[in-house]
Structures are given as structure tokens and as C-alpha cells.
Amino acid sequence: MDLVEKIKKLKKERNAIILAHNYQLPEIQEIADFVGDSLELSRIAKKAEEEVIVFCGVHFMAETASILAPEKKVLLPDMNAGCPLANMITAEDVKRLKEKFPKALVVAYINTSAEVKAESDYCCTSANAVDVVEKVPSEEVIFIPDRNLGYYVSKNTNKKMYIWDGFCPTHQRILPQDIEKLKKEHPNAKVVSHPECRKEVLELSHKIASTSGIIRFVKEDDGREYIIGTEMGILYRLRKECPDKLFYPASSLAVCPNMKKNTLEKVLWALEDLNPEVKVPEPIRSKALKAIENMLNL
Ligand code: CIZ
5 MDLVEKIKKL KKERNAIILA HNYQLPEIQE IADFVGDSLE LSRIAKKAEE EVIVFCGVHF
65 MAETASILAP EKKVLLPDMN AGCPLANMIT AEDVKRLKEK FPKALVVAYI NTSAEVKAES
125 DYCCTSANAV DVVEKVPSEE VIFIPDRNLG YYVSKNTNKK MYIWDGFCPT HQRILPQDIE
185 KLKKEHPNAK VVSHPECRKE VLELSHKIAS TSGIIRFVKE DDGREYIIGT EMGILYRLRK
245 ECPDKLFYPA SSLAVCPNMK KNTLEKVLWA LEDLNPEVKV PEPIRSKALK AIENMLNL
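Numbered by the numbering used here, the letters in the sequence shown go through residues 5 to 302 in order.
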């Protein structure tokens with residue numbers, strides 16, 4: 005039996021569902037029951053009837069699923085699949101920020117650890133960050149941890165923002181020169197970028213959106229060619245779902261090594277051993293859940 009068949013068989017026996025982030029390897033996206041962004045997948049995890057969730061993404065994403073669905077067993081095929089951006093801020097840092105800016109509410113991007121979410125007032129995603137900052141009931145906002153998403157939000161709100169200086173090393177590797185070069189080579193292509201990109205890249209973009217927002221935009225847009233400013237994994241889904249359109253990655257360096265740590269072998273082993281498991285302990289889970297619910301209630 006080949007690896008894929010073994011995974012499918014064991015998935016049934018274990019009563020498991022496989023969820024894959026838009027940046028996962030093509031073969032992982034192919035075996036997944038659902039492919040999407042972290043919040044979409046966490047919501048599916050919560051609603052799913054299966055008892056076991058194999059979350060093919062990075063650590064904070066599996067944590068988010070565990071926060072929303074504590075009764076389920078959430079497996080992360082490679083426990084070392086971390087997120088450098090999420091690791092750029094700690095709960096202690098957030099406590100210090102709150103002391104320094106007592107009038108501000110804390111808005112934490114979903115790319116944060118459960119401990120950091122637990123110290124925050126609201127969560128946000130790249131899809132709703134502007135909306136969340138606009139709607140939180142304070143004129144001052146501590147925005148963590150991504151400076152580029154923070155910059156993008158600050159351009160779309162009049163609120164006073166204190167922005168943490170974190171960044172995604174993968175998106176940081178996409179340079180404005182890459183975009184300029186591709187625009188010359190493909191003058192009809194639209195530049196579609198993720199808000200974790202440098203501000204100079206965002207300023208050259210026709211559309212700025214989350215991963216699922218990028219997919220939606222491209223599907224609905226009447227153009228044919230796109231320069232894609234985000235992690236390369238998304239190109240697999242774009243090419244599969246829009247076979248008559250052309251996609252050019254903004255940079256061949258935009259590959260997240262952590263996202264690629266999940267492999268078919270590791271998915272199989274996770275199902276065999278029901279391990280490695282990600283479980284968020286109380287009271288951190290309940291506090292982090294509050295920040296996520298505050299976002300959903302806005
Ligand atoms: O929430 C996610 O999945 C992330 C980190 C990015 C996105 O835009 O989908």
C-alpha cells in the first residue's frame with residue numbers, strides 16, 4: 005500500500021480529519037480534507053465531527069484549533085514547525101506594553117502564541133485587521149507582532165497605533181526590486197500581496213489580502229496574469245483552482261521552511277502514534293479564547 009493509501013485508511017480508523025494551510029506542500033494539500041487559512045481551518049476543526057484533527061500548518065495554528073476545539077485531539081505532524089514571527093513577542097512583552105500604554109487595547113494578529121493571545125484584548129487576522137482596529141472601543145491600539153501588517157492598518161485608520169517591531173522572515177525576503185523587475189517582464193500582471201510584506205512591496209501592489217483573500221480575489225478578477233507576493237505554497241492552489249490564469253511568484257526565496265516541515269511520512273506517523281499533540285492548558289486557553297471571541301463578536 006502506498007503512503008497516501010495508508011494515510012487515508014488510518015484517517016478513517018482514527019476518526020480523523022486532515023486540515024492543511026494554504027502554504028503547505030502540494031502533496032499535503034492533496035491529501036487534506038480542507039485547505040485554507042488558519043482561522044477558516046480552526047473553525048472547521050471546531051465544527052468537525054471527527055475526534056482527531058491533523059493540523060498541517062505551524063504551531064500557533066494548531067494551538068488556535070485547540071483553543072477553539074478543546075475536546076478534540078489536535079496533532080501537528082512536526083512539533084518543530086514553529087513561526088518565527090509568533091516567536092518575536094512573549095506574554096511578558098505584552099504585559100510591559102500594557103503598563104506603558106494604559107489607555108490602549110491590545111490587538112494581536114493570529115500569528116501569536118496562546119500565551120500572547122491570553123494577554124491580548126482582541127485577535128485579528130490579515131483579512132480583518134483594519135476592521136478590528138477600527139471597531140475596538142479605544143482610540144489607542146497596541147498592535148502586535150507584525151510591523152508590516154501594522155503599517156498597512158495604520159494607513160487605513162486614524163487611531164493611534166503602537167506597533168511591535170516583528171516581521172515574517174519569509175515575506176521579508178520579497179523585495180521591491182523583485183516586483184519592479186517582474187512588472188517590467190509582465191506589464192499586464194497585477195501585483196497581489198500579503199500584508200506581511202515590506203511596506204515598499206505593499207506600496208507597489210494592486211491588491212493586498214490574506215491568503216484566502218488572494219485566492220478569492222484572483223478567482224473573481226477579470227485579469228489573466230498575477231505577480232504573487234506571498235509564500236510560494238499558495239501557487240499550487242492558485243494554479244489548480246485557476247488553470248487558465250498565469251501566476252508569477254514575487255521571489256523564489258519566499259519559501260517558509262517551517263511550513264514545509266510537515267511531510268506525508270510525518271502525517272502518517274502522527275496518525276499512527278496520535279502524537280505530537282498540541283494542547284493549550286487552562287487558564288491560558290480560556291483567556292486566549294476570549295480574545296478570539298472578542299474578534300468574532302465585533
Ligand atoms: O491566518 C493565516 O492563515 C495566516 C497566517 C495568513 C493568511 O493570510 O492566511
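From the three backbone atoms N, C-alpha and C, an ideal C-beta is built for every residue, glycine too.
- Would you say threonine 174 touches ligand 1, meaning its beta carbon is less than 7 Å from a heavy atom? no
- Counting along the chain, where does the alpha helix (DSSP H) carrying isoleucine 21 start and finish? Where isoleucine 21 is concerned, there is no enclosing alpha helix (DSSP H), although the beta strand (DSSP E) it sits in stretches over 20 to 25.
- Buried or exposed: where does asparagine 192 fall if 16 or more other Cβ atoms within 10 Å of its Cβ makes it buried? exposed
- Using only the heavy atoms of ligand 1, determine whether one of them is closer than 7 Å to the beta carbon of threonine 63. Contrary to the premise, residue 63 reads as histidine rather than threonine in this sequence. Every heavy atom of ligand 1 is 7 Å or more from the Cβ of histidine 63, so no.
- Message: Checking 8 Å against the spacing of the C-beta atoms, do isoleucine 167 and serine 158 come in under that value?
- Response: yes
- Item | Three CB pairs or more closer than 8 Å across the region 29 to 44 and the region 213 to 228 | yes
- Query: Does DSSP put aspartate 8 in a helix, a strand or coil?
  - Reply: The sequence given here has valine at residue 8, not aspartate. It is helical.
- Just the Cα atoms here: how many angstroms apart are glutamate 235 and glutamate 103? 35 Å
- Query: With burial defined as no fewer than 16 other Cβ atoms inside 10 Å of the residue's Cβ, what is the status of lysine 139: buried or exposed?
  - Reply: exposed
- Query: Cα-Cα, which of Lys15, Ile178, Lys249, Ser290 is closest to glutamate 119?
  - Reply: Ser290
- Task: Please confirm whether asparagine 26 and isoleucine 296 have their CB atoms less than 8 Å apart.
- Result: no
- How is leucine 242 classed by DSSP in three states: helix, strand or coil? helix
- Task: Note down the Cα distance separating proline 141 from glutamate 286, rounded to an integer number of angstroms.
- Result: 27 Å
- beta-carbon threonine 129 near ligand 1 non-hydrogen atom, thresh 7 Å: yes
- Kindly identify the DSSP beta-bridge partner or partners of aspartate 150. Gly170
- Message: Can you tell me whether valine 140 is helix, strand or coil according to DSSP?
- Response: coil
- For proline 253, the residue or residues it bridges with in DSSP: Ile232
- Return no unless some Cβ of chain B is closer than 8 Å to the Cβ of threonine 116. No chain B is part of this structure, which consists of one protein chain only.
- Backbone CA spacing between serine 130 and glycine 86 [nearest angstrom]: 19 Å
- Return yes when the C-beta of histidine 190 is under 7 Å from any heavy atom of ligand 1, and no when it is not. no
- Message: In whole angstroms, give me the CA-to-CA distance for isoleucine 57 and isoleucine 21.
- Response: 5 Å
- Locate the alpha helix (DSSP H) running through serine 197, then write down its first and last residues. Unbroken run through serine 197 is the beta strand (DSSP E), 194 to 197; no alpha helix (DSSP H).
- CA nearest to the CA of arginine 228, picked from Lys77, Lys211, Arg241, Pro247: Pro247
- Item | Residue nearest to valine 259 in terms of C-alpha spacing, selected from Val8, Leu29, Lys15, Asn19 | Leu29
- What does methionine 299 pair with, by DSSP beta-bridge criteria? Methionine 299 is not bridged to any residue.
- Item | Close beta carbons around aspartate 82, own chain, < 6 Å, minus the five adjacent residues each side | Lys265, Asn266, Lys270
- Beta-carbon separation of histidine 190 and histidine 175 under 8 Å? no
- Measure the alpha-carbon distance for proline 149 versus histidine 63 and round it to whole angstroms. 16 Å
- Query: Do aspartate 41 and ligand 1 come close, with the Cβ less than 7 Å from some heavy atom?
  - Reply: yes
- Taking Cβ positions, are lysine 188 and lysine 211 nearer each other than 8 Å? no
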